[in-house]
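Enquirer: Counting in the numbering used here, the sequence shown runs from 2 upward without gaps. Glycine included, each C-beta is placed from N, C-alpha and C at the ideal position.
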Amino acid sequence: MLSPNDIKKITGEAAARIVQSGMTVGIGTGSTAYWLIMALGQQVKAGLDIRCVPTSTHTAQLAAEQSIPLTTLNEVDNIDMTIDGADEIDPAGQLIKGGGGALLQEKMVAAASRELVIIADHTKLVSQLGAFPLPVEIIPFGWKQVQQRIETLYRTKSALRLKDQQPLVTDHGHYILDVHFQQIEDPAFLNTLLNTIPGVVDNGLFIDMATQSIIGYPDGSVKTHHFNRPNP
Ligand code: 5RP
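1. Please state the DSSP three-state secondary structure of Met-2.
2. Helix, strand or coil, according to DSSP, for Arg-150 in the structure here?
3. With distances taken Cα to Cα, identify the nearest neighbour of Ser-114 among Val-26, Ser-214 and Ile-51.
4. For the putative contact between Ile-84 and Ile-120, defined by C-beta atoms under 8 Å, what is the C-beta separation to the nearest angstrom?
5. Specify whether the stretch 207 to 217 and the stretch 88 to 98 touch according to this definition: at least 3 beta carbon pairs, one from each stretch, less than 8 Å apart.
6. Starting from the C-beta of Ile-8, find all residues in its chain whose C-beta is less than 8 Å away, skip the five residues before and the five after it, and write them out in chain order.
7. In whole angstroms, what separates the C-alpha of Leu-163 from that of Cys-53?
8. At a threshold of 7 Å, does Glu-107 count as lining the ligand 5RP (C-beta to nearest heavy atom)?
9. Quick one: is the Cβ of Gly-29 within less than 7 Å of any heavy atom of the ligand 5RP?
10. Report all residues from its chain with a CB closer than 6 Å to the CB of Ala-1; omit the five preceding and five following residues, and keep chain order.
11. Cβ atoms of Glu-138 and Val-202: under 8 Å apart, would you say?
12. Going by DSSP, what residue range makes up the alpha helix (DSSP H) through Ile-28?
13. Among Ser-32, His-59 and Ala-65, which one has its Cα closest to the Cα of Gln-43?
14. From Pro-199 to Asn-79, what distance separates their C-alpha atoms?
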C-alpha cells in the first residue's frame, strides 16, 4: 500500500503524461501539484515544449526552480489545460478548492482554460460537498462584518485563517474565512449567493469547471474520469 504522499506523487506524474508539446498549461497549487511540477520539470528537461501559467507565487517559484517556462494570464489568449488539486470532489465534478489559499488565482486560471484536470488522492472524493470548510476570500476592510453576515445568513460558524497567529494574507492581499457548512445542498446556488456579499472577492466552489479527474489510490492505481460539460 502506498503512503499518502506516494499516492499524490503517482497522481501528479500521471497528469504530467497527458501534457503535450505546444500547450499552454495552467499549473496548480498544493502538495499534489508539487509532484506535477516535478514531473513537468523532468519532461521539459527532456524536450517538452510548453509554457505555463502558475496559480500562485509559490507554484511560480517551484516551477522556475525546475526551469519550466512561465508566462502570465495577461500574456495568453487562453490556456489549453490547467491541472490542479482539490479539497473535495463530488460525483458531478463540482469542487471545493482553496485549502492552500490560492483559490482566486486558481479560479481565474481555470476559467481561462479549455480543460480543467483535477488531480487528487481518493480521500478527496465525496458524495456531497461541505465537510471541508469552504474557503471564502474577503477583503481585510471590515472583514468582521462579512463574517457576521455569512454566519447569520447561513447559520454557520467560520474561522479567519491564520498564519503564525496573524491573519493569513493571500497573494492578492486578501483574508480567507473558512466556513463550516457541513453539507452544501446546492453548490451552484451557494457559489452565486456568496459572491454577492459586499466584501467577498470569491469563494472556493468551482462549479462546472472540472472536465476531468485523475484520482490516485493506495494500491498504486490511477483512474481517470471525464465530466460532461456543455461546449464553451
Ligand atoms: C490550493 C488548493 C489545492 O489544490 C487543494 O488545497 C489541494 O491541495 P493538496 O493537493 O495539497 O491536497 O486548492 O488553494
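Expert: According to the structure shown:
1. Looking at Met-2 - three-state DSSP - the assignment turns out to be coil, as it is neither helix nor strand.
2. Helix at Arg-150.
3. Val-26
4. 6 Å
5. yes
6. Asp-122, His-123, Gly-217, Tyr-218 and Pro-219
7. 30 Å
8. yes
9. yes
10. The chain is shown only over 2 to 233; residue 1 falls outside these bounds and no answer can be derived.
11. yes
12. Per DSSP, Ile-28 belongs to no alpha helix (DSSP H); it is in the beta strand (DSSP E), 25 to 28.
13. Ala-65
14. 29 Å
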